[in-house]
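Contents: one structure, followed by commentary.
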Amino acid sequence: MLRTLAALTVAAVAPQSAGAQSSPSVGQPFPIYELPLLQRSSDAKTRRSSIAAYRGKKLLLVQFASW
Amino acid sequence: MPVWHERTKAAVEKGDLVVVGVIQEQHAERCALFLQWKGIDWPILVDSTNRVGIWAVPLVWAIDASGVLRSKRPKPDWVLEDFLKEAWPEPEAPARPVATTALEEAYDAGRFGDCIRGARAQLKDAKLETATRARLLFLLGCAHRARHDSAAARSEDFQDAIDAWTQASRLAPRNYIYRRRIQQYGPRLGKPYPFYDWVERAQRDLRARGIAPHPLRARIEGSEIAQPLRRGAPDSPALAAVAAAGATREDDASVPLDDGDLIRADVVCAPAPVAAGGTCRVYVRVHPSDAKGVSFDDEAGAPRAYLELPKGFEMRSALLPNMLVPKALRPKSSAKEAAARARMPRSLECEVRIESSIAPGPYEVRGFVVANVCEDASGGTCRAVRRSFRAELRVSAAPKRRGRRKR
């Protein structure tokens, strides 16, 4: 179940030259971003969340697009 | 993603694993429809502006119970067998929160005008690093497009979105999130795949299951469902316009001009600028006047548009009307819904190829639209009106071809 105010830990992207892509390093903590939660019904209120709320659980973070 | 959902379902139900999705789409509600269709119930976080800074999707990360990244792009077997069984020590330093910027807050809150003004102000700083400038430009494009999809839309928003994303992609050419955002709206030749051709199928399947599909607020452009065109593939001959039965260009050219400002027409080109030798997607959008309560008279026929292109510019596909209408506004809807549909802007799209010999610079696209409109919803005067338009189509130099290496 999703908890409110869960922390999404994602790598921070530091400013760098064009073409260079930053990436979190294995073995390092993921930085935490808070983002809007996807509304599953049209009358749902907008909430924010992040994956830090899942601390204590093993987590798969899947970044994708429907296309 | 359905594969990950199937493979991890048991572990998630057992409580051994949590799966959280993050989406990088402009229109998050389309992802909601996709997940509803596929029966995926993960919590999903929306990152339409790519603030987390990834360069492509899909990406999967395995994070342990202490918030430490343990694998990038893991395989399902490794997750289920090794990841779940391994116990890792606590990290020396915990993960740090990344503050949401004022511009990101404005975007999330739907204050797109504030986001646009703030981004433009920051972009004036000549000392910005390239990557930061690219991210700001991408955010600016997202804000323009989001405002375009809102009640506060301005006529230049769609083109401004394309322009900003194009600049972002040029600064960060390896970022596929930026590139896909333009390709979504661009010509068929540049498409990797049809982005949203699954939407109608999903809506149909859900209704067949007795489930109301998740509503889509933003209309889907024709380019977003167009099939990619491969180089060398046979192409359709140029057509001047979609003509309704019995309508000809000559007939339409004699329709009285819209001297009452009942409609507005604007043109958007994607990408912008377009390289000589390349192809761009041209959108001709027709808007009924809000101030005068104008609506389209759909029974009399859909709007038609005609383009006059400069020499060296060739229309490579018909000007096709955008046929996708949100479910709530289907023809069999209530009178109220039909009235709302009649006030929706209409879009006609085509693709234009530019000869490689064309010199870089601005060129003018002219044309006119003919629309059947009624002056108020309660049955005021209905008539056909014609409105001319002009738009600038910028051409950049043809990309240099790489020579072959000598063996």
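Chains as they are written, first to last, in our numbering: chain S, 1 to 67; chain F, 1001 to 1407.
We put the CB at the ideal spot given by N, CA and C, even for glycine.
Under 8 Å, Cβ to Cβ, is there at least one residue of chain S near residue i?
| i | result |
| --- | --- |
| F:A1416 | The question about residue 1416 of chain F has no answer, for chain F in this structure spans 1001 to 1407. |
| F:A1032 | yes |
| F:L1080 | no |
| F:S1071 | yes |
| F:T1166 | no |
| F:V1018 | yes |
| F:A1161 | no |
| F:F1195 | yes |
| F:D1149 | no |
| F:V1022 | yes |
| F:E1200 | no |
| F:F1083 | yes |
| F:P1360 | no |
| F:D1114 | no |
| F:A1218 | no |
| F:P1213 | no |
| F:T1381 | no |
| F:T1008 | yes |
| F:A1119 | no |
| F:G1067 | yes |
| F:E1221 | no |
| F:K1327 | Low per-residue confidence applies at F:K1327: pLDDT is 40, beneath 50, and the placement is therefore not dependable, though the value from the model is reported in the following sentence. Not closer than 8 Å to any Cβ of chain S, the Cβ of F:K1327 fails to qualify, so no. |
| F:A1028 | yes |
| F:E1025 | yes |
| F:M1001 | yes |
Shorter than 8 Å from the beta carbon of residue i to some beta carbon of chain F?
| i | result |
| --- | --- |
| S:K57 | yes |
| S:R68 | No information on residue 68 of chain S is available, as it lies outside the stretch 1 to 67 that chain S covers here. |
| S:Q21 | Note that S:Q21 scores 40 on pLDDT, short of 50, meaning its location in the model is unreliable and no value can be drawn from it. |
Drop a sphere of 10 angstroms on the beta-carbon of residue i, count the other beta-carbons inside from all chains shown, and report buried for 16 or more, exposed for fewer.
| i | result |
| --- | --- |
| F:T1381 | exposed |
| F:Y1193 | exposed |
| F:P1187 | buried |
| F:A1241 | Low confidence applies to F:A1241: its pLDDT is 40, below 50, so where it sits in the model is not reliable, and the reading given next is rough at best. That one is buried. |
| F:G1015 | exposed |
| F:P1089 | exposed |
| F:A1164 | buried |
| F:A1099 | exposed |
| F:R1154 | exposed |
| F:R1174 | exposed |
| F:A1212 | exposed |
| F:K1072 | exposed |
| S:K58 | buried |
| S:R47 | exposed |
| F:V1199 | buried |
| F:E1013 | exposed |
| F:W1078 | exposed |
According to DSSP, which residues form a beta bridge with residue i?
| i | result |
| --- | --- |
| F:R1154 | DSSP output for F:R1154 lists no bridge partner at all. |
| F:K1336 | Answer by DSSP bridge pairing: none, since F:K1336 is not bridged. |
| F:E1351 | F:R1281 |
| F:M1315 | F:V1352 |
| S:F64 | F:I1023 |
| F:I1358 | Paired residue(s): none; F:I1358 is not in a bridge. |
| F:D1266 | F:R1285 |
| S:K58 | F:L1017 |
| F:G1367 | F:L1307, F:F1389 |
| F:N1372 | F:A1384 |
| F:I1044 | F:G1021 |
| F:V1395 | F:V1274, F:G1361 |
| F:S1295 | F:C1374 |
| F:R1346 | F:V1286 |
| F:L1257 | F:R1386 |
| F:L1171 | For F:L1171, which the question treats as bridged, DSSP gives no partner whatsoever. |
| S:L37 | F:L1045 |
Run through the segment 1005-1038 of chain F for me and flag every whole beta strand (DSSP E) of 3 or more residues, listed as ranges in chain order.
Taken in chain order, the unbroken stretches of beta strand (DSSP E) that lie wholly in the segment 1005-1038 of chain F and span 3 residues or more are 1017-1023.
At 4 residues or longer, and completely inside the segment 1049-1110 of chain F: list those alpha helix (DSSP H) runs for me, N to C.
1102-1108
Taking Cβ-Cβ distances below 8 Å as the criterion, which residues of the segment 1041-1060 of chain F are in contact with chain S?
W1042, P1043, I1044, L1045, V1046, D1047, R1051, V1052, G1053, I1054, W1055, V1057, P1058, L1059, V1060
Residues of the segment 1080-1111 of chain F in Cβ contact with chain S at a cutoff of 8 Å, in chain order, please.
Cβ contacts with chain S: F1083, L1084, P1091, A1093, P1094, A1095, R1096, P1097, V1098, T1100, D1108.
Closer than 9 Å, Cβ to Cβ, to anything on chain S: give me those residues from the segment 1336-1353 of chain F, in chain order.
The segment 1336-1353 of chain F vs chain S, Cβ under 9 Å: nothing.
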